[in-house]
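Student:
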Amino acid sequence: MSTFHFKQFSIEQDQCAMKVSLDACLFGALCEVDGAHKILDIGSGTGLLSLMMAQRSEAHIDAVELDEVAAQQAIHNIENSPFSSQIRVHAADIKQFNGHKKYDLVVSNPPFFSDHLKGPDAKRNQARHNDGLSFNELCESIVKHLNEKGKAWILLPCSELERFMKSAQQAKLKIDQRWLLSSRPQKAPHRVIFTLSHTSTLVSPTPEKQLTVHPEHGPEYSDDFKSLLCDYYLKL
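Rendered as structure tokens:
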């Protein structure tokens with residue numbers, strides 16, 4: 014599907030390696046934007062996460078995307094939405110990006126494969142493999158751009174969490190909240206969503222939570238999915 018239609022905006026994605034996914038939609042809906050005035054979206058791709066957050070906030074959002082073609086598609090998607098005044102897309106490497114300000118909220122669905130074999134699609138490799146942005150570099154970027162009391166929200170495969178946390182600990186970042194995402198209650202989790210803050214903050218970690226896309230049986234969406242995405246999905 015080259016265009017994914019939501020209730021208030023559409024995502025054209027034929028020029029982007031990573032397409033709209035259920036996991037990314039759940040992630041964008043779960044990210045807490047209350048009280049956030051400045052948001053940084055690292056590796057923004059089509060602009061999906063930026064648009065989802067703009068829909069339910071008045072924050073100014075900087076969307077940083079390394080791939081220039083993907084950044085141009087994000088600009089197109091944003092300019093054709095009701096939220097174009099809130100979002101600015103930067104075709105840039107986050108390692109060199111200087112927003113000249115600290116952010117209340119940083120979000121990222123980063124490249125996640127490090128030791129896996131690459132496929133023939135160079136753009137998809139860039140989007141999925143972290144050669145261009147290692148976990149150490151991502152954590153360093155979060156520390157650089159996140160304000161003292163801010164939060165970073167991250168989406169990763171469960172298999173990558175332990176390795177990511179080594180980088181986070183080195184950067185003096187800690188996990189505050191964590192959700193395990195599975196397709197159904199009886200299935201093993203395949204993604205983890207978590208929040209990070211500076212270790213200097215006095216926020217106590219909360220118990221791990223479970224999220225499922227579907228109930229145990231049947232094709233319908235779970236109650237959690239419907240509750241989170243009812244303002245976005247056309248058929249909810």
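Going by this note's numbering, the sequence shown opens with residue 14, and the numbers climb by one from there. Glycine included, C-beta positions come from ideal geometry on N, C-alpha and C. Keep in mind that this is a model prediction, so the values were computed, not measured.
Taking just the CA atoms, how far does E150 sit from Y234?
Tutor: For the purposes of this step, residue 234 is identified with residue 221 of the sequence shown, where counting begins at 1. For the purposes of this step, residue 150 is identified with residue 137 of the sequence shown, where counting begins at 1. If you draw a straight line from the Cα of Y234 to the Cα of E150, it is about 36 Å long.
Student: Pick helix, strand or coil for S63, following the three-state DSSP scheme.
Tutor: In the sequence shown, the residue the question calls residue 63 occupies position 50. It is helical.
Student: Determine the burial state of S94: buried for a count of at least 16 other Cβ atoms within 10 Å of its Cβ, exposed for fewer.
Tutor: One-based indexing of the sequence shown puts residue 94 at position 81. Result: buried.
Student: Go ahead and label P123 buried or exposed: buried means 16 or more other beta carbons lie within 10 angstroms of its beta carbon, across all protein chains shown.
Tutor: By 1-based counting over the sequence shown, the position of residue 123 is 110. Label assigned to P123: buried.
Student: Are the beta-carbon atoms of L247 and F22 separated by less than 8 Å?
Tutor: Locating residue 247 in the sequence shown gives position 234, counting from the first residue. Locating residue 22 in the sequence shown gives position 9, counting from the first residue. Taking 8 Å as the Cβ cut-off, L247 and F22 do not qualify as a contacting pair.
Student: Using CA atoms only, rank isn't needed, just tell me which of L146, K51, T225 is closest to S195.
Tutor: The count along the sequence shown starts at 1 and reaches residue 195 at position 182. Considering only alpha carbons, the answer is T225.
Student: How many Å lie between Q26 and N90 at the Cα?
Tutor: Here residue 26 is taken as the residue at index 13 of the sequence shown, counted from 1. Here residue 90 is taken as the residue at index 77 of the sequence shown, counted from 1. Taking the straight line from one Cα to the other gives about 9 Å.
Student: Specify the secondary structure class of H315 as computed by DSSP and reduced to three states.
Tutor: What the structure shows of the chain is the stretch from 14 to 249, and residue 315 is not part of that stretch, so it cannot be assessed.
Student: Would F17 and L168 be called neighbours here (beta carbons separated by less than 8 Å)?
Tutor: Position 4 of the sequence shown, counted from the first residue, corresponds to residue 17. Position 155 of the sequence shown, counted from the first residue, corresponds to residue 168. No. Outside cutoff.
Student: Between Q182 and L193, what straight-line distance do the alpha-carbon atoms span, to the nearest angstrom?
Tutor: Counting from 1 along the sequence shown, the entry for residue 182 is found at position 169. Counting from 1 along the sequence shown, the entry for residue 193 is found at position 180. In a straight line, the C-alpha of Q182 is about 20 Å away from that of L193.
Student: Apart from the five residues on each side of it in sequence, which residues of its chain come closer than 6 Å, Cβ to Cβ, to V120?
Tutor: In the sequence shown, residue 120 corresponds to position 107, counting from 1. Here the set comprises C44, D54, L62, W166.
Student: In this structure, does DSSP put V205 in helix, strand or coil?
Tutor: Your numbering for residue 205 matches position 192 in the sequence shown. Here V205 sits in strand by DSSP.
Student: Taking the alpha helix (DSSP H) that S240 belongs to, which residues open and close that run?
Tutor: In the sequence shown, the residue the question calls residue 240 occupies position 227. Segment 236 to 242, the alpha helix (DSSP H) holding S240.
Student: Alpha carbon to alpha carbon, how far is A42 from M66? Give it in angstroms, no decimals.
Tutor: As a first step, residue 66 must be located in the sequence shown, where it is residue number 53. As a first step, residue 42 must be located in the sequence shown, where it is residue number 29. Computed Cα separation, rounded: 8 Å.
Student: Give the DSSP-derived three-state secondary structure of S23 in the structure shown.
Tutor: As a working note, residue 23 is residue 10 in the sequence shown. It is a strand residue.
Student: How long is the line joining the alpha carbons of L241 and C38, rounded to whole angstroms?
Tutor: Position 228 of the sequence shown, counting from 1, holds the residue named residue 241. Position 25 of the sequence shown, counting from 1, holds the residue named residue 38. Using only the alpha carbons, I get a separation of about 9 Å.
Student: Quick one: using the 10 Å Cβ neighbour count with 16 as the cut-off for buried, is V46 buried or exposed?
Tutor: Within the sequence shown, the letter at position 33 stands for residue 46. Per the 10 Å Cβ criterion, buried.
Student: Based on Cα-Cα distance, which residue from A87, A201, D117 lies nearest to H73?
Tutor: Along the sequence shown, one-based indexing puts residue 73 at 60. Checking every option, the nearest Cα to that of H73 belongs to D117.
Student: Closer than 6 Å by C-beta to F110: which residues in its own chain qualify, once you throw out the five before and the five after it? Chain order, please.
Tutor: For this step, residue 110 is matched to residue 97 along the sequence shown. Only V77 meet the Cβ criterion.
Student: Mapping DSSP to helix, strand and coil, what is N160?
Tutor: For the purposes of this step, residue 160 is identified with residue 147 of the sequence shown, where counting begins at 1. N160: strand per DSSP, three-state reduction.
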